[in-house]
Amino acid sequence: MLDPYLGGGSGPAAGGAGGGGPARGGVGGAGWSTDPIDLSGLKTINADLSLTARTARWDRIQVGDSALAVTLAGGVLKADLSRMALYGGSGSGSVEIDAAGAVPAVKAGFRLSGLDAHPFLTDAADFKWLEGVAAADLDLTTAGASQAQMIGALDGTARLDFADGAIRGINIPKMVRGLSIETLLGWHSVEVEKTDFSSLGASFRIRNGIAETTDLALAGPLVRMSGRGTTDMPARTLDWRVEPEVVPTLEGQAPAPRKKGETRDLAGLGVPIVIRGSWANPAIYPDIEGILDNPEAAYRKLEAIGGDLVKILKAKPDEALATAAGKAIEQATGGRTQIDVQKVLEGEVNDQDVLKAVEEGFGLPQGLLGSFGLGKKKD
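My numbering applies: residue 1 is where the sequence shown begins, and numbers increase by one.
Following this line, the structure appears as structure tokens:
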């Protein structure tokens, strides 16, 4: 009913099941829309309405059975949603859209629970990493003449909680236990992999579209994890550092993640992980410096678990490993660097320049590979 007055977001809705293609002016692969949002219709009428709706839509977000009270006067629309159904859950909230000025401004507050997280996040932000049952508390303000400007001007707070779900694309316990040459070269997301959790939550402070958290907490059958980081919504990028504690078996949960200043015995093998880059396909790699703040304890723990990395450092690597590492280096450097990985790993060459280039290329601490005995000519 209000679509003629609200302007943008006229593309086809993806619906509560998360299907359908990108909407015009929506959140397609190219980023946020810069098309002007036309809210001039709000200045043409005054109204005071109580409404019920079976469906409602804004851009790709689909809302089900809802009850709302709407007032519209002088180009300012205020809507109080006493109930709304969306993505298998429910919620309530309020929205104020001020189109009276030169630049539209929006104020919104929502309390949501029981949402199917994956389709909701896919439709709302083209974010496809999470699944589970979601709850959210949102208090946000913004202003702008386009979707991109509004995302860049977002301010406020948010609290997100997920239950009985998974992080898609990565299996953190498997990655940490399967330490290998990939630990130095970085991990890759794999669509079929998952990290299951029973709970995942974080609170965010949002300024100019950049959401920052310091209290990420995850608990699952094989891993517990704490973390902090920023999500740059205008750029659609992540910069996170998380500390998982992996359980050796299914027999019990891991202890709580180590806090700064606590004993560094690396119980449960807590390997800090960096998640950085585009939120559609970020780079995921271990924080090597975090491991090396107590190298003796880390090495003993790696030996006890029998990680492949220790085997590599103790024994001559086979040709398959060198081939895999060579491919990873070629991919990372765009084929511009030719390195005989087999000889470097075996220590048959003394090419510190090569090792330095590899360290710089992968963001590793200077001298790390040499400290493991790599690149030293044999006697």
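Here a beta-carbon is modelled for each residue, glycine too, at the ideal position from N, C-alpha and C. Note that this is a predicted model, so its numbers are computed, not measured.
Check your understanding: So, A143 versus P119, is the Cβ gap smaller than 9 Å?
Key -> no
Point to revise | Between the CA atoms of A124 and M233 - distance to the nearest angstrom | key: If you take the alpha carbons of M233 and A124, they lie about 12 Å apart.
Check your understanding: So, is G74 buried or exposed, given that buried needs 16 or more other C-beta atoms within 10 angstroms?
Key -> Counting of Cβ neighbours within 10 angstroms places G74 among the exposed residues, the total staying below 16.
Review point. Ordered along the chain, which non-local residues of its own chain (more than five positions away) have a Cβ less than 8 Å from that of E262?
Key: Because the pLDDT of E262 is 41, which lies under 50, any placement of that residue in the model is unreliable, and the question is left without a value.
Review point. Cβ of A219 within 9 Å of Cβ of F204?
Key: no
Practice item. Can you tell me which of the three DSSP states S203 falls into? Key: strand
**Study point:** Proximity test, Cβ basis, 9 Å: G156 and chain D
**Key:** In the structure shown, chain D does not exist; there is a single protein chain.
Exercise for review: Please classify T213: is it buried, with 16 or more other beta-carbons within 10 angstroms of its beta-carbon, or exposed?
Suggested key: buried
Check your understanding: Is the region 41–55 touching the region 86–101 in the sense that three or more CB pairs, one from each, lie closer than 8 Å?
Key -> yes
Check your understanding: Is A235 helix, strand or coil when you go by DSSP?
Key -> In the structure shown, A235 falls within a coil segment according to DSSP collapsed to helix, strand and coil.
Check your understanding: Any chance the region 142–162 sits against the region 221–228, with 3 or more Cβ pairs inside 8 Å?
Key -> no
Check your understanding: I think N208 touches A153, with their Cβ atoms under 8 Å apart; what is that distance to the nearest whole Å?
Key -> 7 Å
Review point. Buried or exposed: which applies to P244, given that a residue is buried once 16 or more other Cβ atoms fall within 10 Å of its Cβ?
Key: P244 is buried by the Cβ-count criterion.
Point to revise | DSSP-derived helix/strand/coil call for S10 | key: A caution first: S10 carries a pLDDT of 38, below 50, which makes its placement in the model unreliable, though a value can still be read off. Three-state result, S10: coil.
Practice item. Classify K128 as helix, strand or coil using the three-state DSSP reduction. Key: coil
Review point. Just to confirm, are L200 and G114 a CB contact at a threshold of 9 Å?
Key: no
Point to revise | Per-residue burial, N281 [other beta carbons within 10 Å of its own, 16 or more giving buried] | key: exposed
Review point. To the nearest angstrom, how far is it from the Cα of A56 to the Cα of A67?
Key: 11 Å
Exercise for review: Using a threshold of 9 Å, state whether the C-beta atoms of S94 and D80 are closer than that.
Suggested key: Yes.
Point to revise | A148 (DSSP reduced to helix, strand or coil) | key: helix
Check your understanding: According to DSSP, what are the bridge partners of E193?
Key -> Answer by DSSP bridge pairing: none, since E193 is not bridged.
Check your understanding: How many angstroms separate the CA atom of I206 from the CA atom of K174?
Key -> 33 Å
**Study point:** Whole-angstrom distance between I61 and D38, CA atom to CA atom
**Key:** 19 Å
Review point. Among the residues of its own chain, which have a CB less than 7 Å from the CB of T237, if the five just before and after it don't count?
Key: If you ignore the 5 residues before and after T237, its C-beta comes within less than 7 Å of the C-beta of G277, S278, W279, all in its own chain and listed in chain order.
Review point. Between L110 and P221, what straight-line distance do the alpha-carbon atoms span, to the nearest angstrom?
Key: In the sequence as displayed, the identity of residue 110 is Phe instead of Leu. Cα to Cα, the separation comes out at about 31 Å.
Review point. Within this structure, are the beta carbons of L112 and L138 separated by less than 9 Å?
Key: yes
Check your understanding: Can you tell me whether N171 is buried or exposed, with buried defined as 16 or more other CB within 10 angstroms of its CB?
Key -> Its Cβ being crowded by 16 or more others within 10 Å, N171 is buried.
Review point. Based on the DSSP secondary-structure assignment, which residues constitute the bridge partners of S278?
Key: T237
Practice item. Could you pull the start and end residues of the beta strand (DSSP E) that L39 belongs to? Key: For L39, there is no enclosing beta strand (DSSP E), as DSSP marks it with neither H nor E.
Point to revise | Identity of the residue in G64, D161, A134, V106 nearest D155 by Cα | key: V106
Check your understanding: Going by alpha carbons, who is nearest to Y87 out of A217, R241, A134, I275?
Key -> A134
Review point. Where A283 and R83 are concerned, what is the direct C-alpha to C-alpha distance, given to the nearest angstrom?
Key: Distance between the alpha carbons of A283 and R83: 40 Å.
Review point. How close, in whole Å, do the beta carbons of L72 and N46 come, if the pair is a contact with beta carbons under 8 Å?
Key: 6 Å
Check your understanding: Of all the options A166, V242, G89, T195, which has the alpha carbon lying nearest to the alpha carbon of D215?
Key -> V242
Practice item. Just confirm the distance between the C-beta atoms of I167 and K128, as a whole number of angstroms; I'd bet it's less than 8 Å. Key: That belief does not hold up - the Cβ atoms of I167 and K128 are roughly 11 Å apart, past 8 Å.
Review point. How should A102 be labelled, buried or exposed, when 16 other C-beta atoms within 10 angstroms of its C-beta is the threshold for buried?
Key: exposed
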